[in-house]
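In structure tokens:
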């Protein structure tokens, strides 16, 4: 299948190879762009260098890519998923990966260790009260630094050549400008994205595990169970 994948401009570099490994082609469509706050990035890096945090939690690959090359030291590091961990590893930082690629898995993953620990979270300017509340309830001290904003591009997604569209976050779906058509297979990268789609009355046919590889495996399972079916009516 030829899959349109929602990505921030310039952040789709590894997608083509991953899709090919599962027998598909893909191209990027961008409902959002990132506006990085360099002053907040510098503030966060300085805090890490001053040993302010007991743990860093990277919730996506973008803040990892922005911050990791500027660090000379770091505490315990947790990545939300394999792509984020791969980005950190590229800059020499080994991280632990959550067993489920959702922020809701963070506190259960750390368990009792989190009590009294200060958690540094560089992330997008998108509220996540569930994560912050869970850390506080477990006795941790969360410190979010919203190092970038996600700005709608205002451009209609180019889906003319696509047999499927893969939404990689709830916000990329909610802010996307697009038109559903017969034969276009709808894919959510994970449960949160699928929930946002269902809430809007656009139920995906395929739901991944929060990672691109897991989503492509789910897609192939769907296609194996539905021979000849490449889309939805």
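Residue numbers (the working numbering): 10 to 242.
All C-beta atoms in this analysis are idealised placements derived from N, C-alpha and C, irrespective of residue type, glycine included.
- Of all alpha-carbon atoms in 44, 161, 66, 107, the one lying nearest the alpha-carbon of residue 129 is that of 66.
- Apart from sequence neighbours up to five positions away, the residues of its chain that approach residue 153 with a beta-carbon distance below 6 Å are 130, ordered along the chain.
- Residue 156 and residue 53 do touch by the CB rule: their CB atoms are close to 6 Å apart, below 8 Å.
- Cβ contact annotation for residue 166 (same chain, cutoff 6 Å, sequence separation greater than five): 38, 185, 187, in chain order.
- Around the beta carbon of residue 207, fewer than 16 other beta carbons sit within 10 angstroms, so the residue counts as exposed.
- Inter-residue distance for residue 51 and residue 24 is about 29 Å (C-alpha atoms, whole angstroms).
- Minimum Cα-Cα distance from residue 158 among the listed residues 72, 121, 174, 11 corresponds to 72.
- When rounded, the separation of the alpha-carbon atoms in residue 36 and residue 124 is 43 Å.
- In this structure, the beta-carbon distance from residue 91 to residue 106 falls below 8 Å.
- If only complete runs of 3 or more residues are kept, the stretch 40 to 80 shows the beta strand (DSSP E) at 41 to 45, 64 to 67, in order along the chain.
- Selection 137, 142, 205, 88 evaluated against residue 110 yields 88 as nearest (Cα-Cα).
- Between the alpha carbons of residue 223 and residue 217 lies a distance of about 6 Å.
- For the pair residue 49 and residue 235, the Cα-to-Cα distance works out to about 48 Å.
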